[in-house]
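First comes the structure, then the notes that go with it.
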Amino acid sequence: MKARRLMLAAAAWLCFGHGLPAVRAQEANEGTLRVCLNENLPPYSVRHGDTGSGFDLLISEALAKRLGRRLAVQWFESKLDEASNSTVEADALLSDGRCELVAGYPLVKDALGKPEAESARLPDFAGSRPGDRRRRVALGTLVATTPYHFAPLTVVLGGKAAPKRIGSLADLDDVSLGIESGTLGDGILMTFDHGRFIPNITHMIPERGELLPGLENGEYDATIMPLHHFDAYRIDHPNTKLTASGYYLKIGFNMGFVGLAEEAVLIEQANQAIENMLKDGEASSLARLAHMTYVPPRRPYILEHLSLGDLAKDQ
């Protein structure tokens, strides 16, 4: 159970209903592909009133086009707190017929299949009514598509470390490090090579948005974070002096769509479309449009196992 919680927490850090068949059948007949997107997850997906932006939105539009359908987006809000569970939230949205696919889903074995809970409440979603917050939805079995990108952890450099070439974590030996407490990056830095970095680490309180400003101000010289977090920061701070090292840790997650097992035909169609996007370069082109650094999927496509020992290994 401890390893399972670790894997699901890491993936989140790298996010009783009826009438379902009728909704899906109606949308299929109308040529609509309904995809659920997180409304505040830059640079993946961001809602702007009736419109949106982000890589996952662009990928969803491209998928709908390749399937000969029109995209309809169901925006939802995922709260980053201990009570939230992104796996259950995605399952509830799908099982309630809010969408056929959820985009930007980490392909982790423990986040797929049948969840332990039999039912769950829906997350907040666009168009919801007061009654939607109270009712429970019977959950289904989650099945992933082929991934369309890999979400890695990376080293971000500032201060005296900005010119450094990073080929492994050992190259951070002579620089000061900042990290948010309790994150996957914290676990990696604290356990690397029997704790050799511990004297050089400054811990920050998570979720306050202080890590990169501190790096910008020279309070430390390098940090580890999900690559998309740094991409989002660069979008908001185009004049930043911080630099991406170009070095990606081995630990990370492939990202794809997820649907219910009964949507096997749609999942297979999506797999073929995504494979074609990867082959012809459309996925990487869409990432550039979204101002996101693109990293192609890595095999195995679904992460089978993540242990505490993995965090201490030489990256």
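Numbers in the numbering used here are just positions in the sequence shown, counted from 1, shifted up by 16. By construction, the Cβ of each residue, glycine as well, lies at the ideal position given by its N, Cα and C atoms.
Under three-state DSSP, which class holds V104? The answer is helix: DSSP assigns V104 an H, G or I state.
Are the beta-carbon atoms belonging to L200 and L169 less than 8 Å from one another? At a Cβ-Cβ threshold of 8 Å, L200 and L169 count as neighbours.
Just checking my contact of D126 with L138 at CB under 8 Å: how many whole Å lie between their CB atoms? The pair is not a contact, with the Cβ atoms about 22 Å apart (cut-off 8 Å).
Mark N54 as exposed unless 16 or more other C-beta atoms lie within 10 angstroms of its C-beta, in which case mark it buried. Counting Cβ neighbours within 10 Å, N54 comes out buried, since at least 16 surround it.
Cα-Cα separation between L319 and M271, rounded to whole angstroms: Spanning the two alpha carbons is a distance of roughly 11 Å.
Count Cβ pairs between the segment 204-222 and the segment 153-162 that sit closer than 8 Å; are there 3 or more? With the rule of 3 Cβ pairs closer than 8 Å, the segment 204-222 does not count as touching the segment 153-162.
Between the Cα of S111 and the Cα atoms of L302, V51, H210, which residue gives the shortest distance? Nearest of L302, V51, H210 to S111, Cα basis: V51.
For the candidate residues G120, L294, F166, H219, whose alpha-carbon lies nearest to that of L73? Nearest neighbour of L73 by Cα position, chosen from G120, L294, F166, H219, turns out to be G120.
Proximity winner among E196, H165, S135, relative to I240 (alpha-carbon distances): Residue nearest to I240 within the set E196, H165, S135 is E196 (criterion: CA-CA distance).
Where V104 falls, given that 16 or more other Cβ within 10 Å makes a residue buried: With 16 or more other Cβ atoms within 10 Å, it is buried.
Apply the 10 Å Cβ neighbour rule to A38 and answer buried if 16 or more other Cβ atoms are within range, or exposed otherwise. At A38, the pLDDT of 34 sits below 50, so the modelled position is not reliable; the number obtained from the coordinates is stated separately. A38 is exposed by the Cβ-count criterion.
Reducing DSSP to helix, strand and coil, say where A119 ends up. Taken through DSSP and simplified to helix, strand or coil, A119 comes out as strand.
State the start and end residues of the unbroken alpha helix (DSSP H) segment that holds P146. Counting along the chain, P146 sits inside the alpha helix (DSSP H) bounded by residues 146-150.
H219, DSSP secondary structure in three states: In this structure, H219 counts as strand in the three-state DSSP scheme.
So, helix, strand or coil for G262, using DSSP? For G262, the three-state secondary structure derived from DSSP is strand.
Roughly how many angstroms lie between the CA atoms of S192 and Y236, to the nearest whole one? S192 and Y236 have their C-alpha atoms spaced approximately 5 Å apart.
G230 versus R63 - alpha carbon distance: Distance between the alpha carbons of G230 and R63: 28 Å.
Counting only beta-carbon separations shorter than 8 Å, does K295 have a partner in chain B? Checking the listed chains, one finds no chain B in this structure; it contains a single protein chain.
Starting from V281, trace the alpha helix (DSSP H) both ways and give me its first and last residue. Run containing V281: 280-296, per the alpha helix (DSSP H) assignment.
Give the DSSP-derived three-state secondary structure of E196 in the structure shown. Strand, per DSSP.
Could you tell me the distance, in whole angstroms, from the CA atom of R128 to the CA atom of K176? Note that residue 128 is Leu in the sequence shown here, rather than Arg. Between L128 and K176, the C-alpha separation is close to 43 Å.
Pull up the distance between the alpha-carbon of A142 and that of S94, whole angstroms please. Approximately 12 Å, taken between the alpha carbons.
Smallest Cα separation from P58: which of D247, G275, E284? Cα-wise, what sits closest to P58 is D247.
For S144 and A260, the rounded distance between their alpha carbons: About 40 Å.
Run through the segment 156-180 for me and flag every whole beta strand (DSSP E) of 3 or more residues, listed as ranges in chain order. Runs of the beta strand (DSSP E) lying entirely within the segment 156-180, each at least 3 residues long, are 158-160, 165-173 in chain order.
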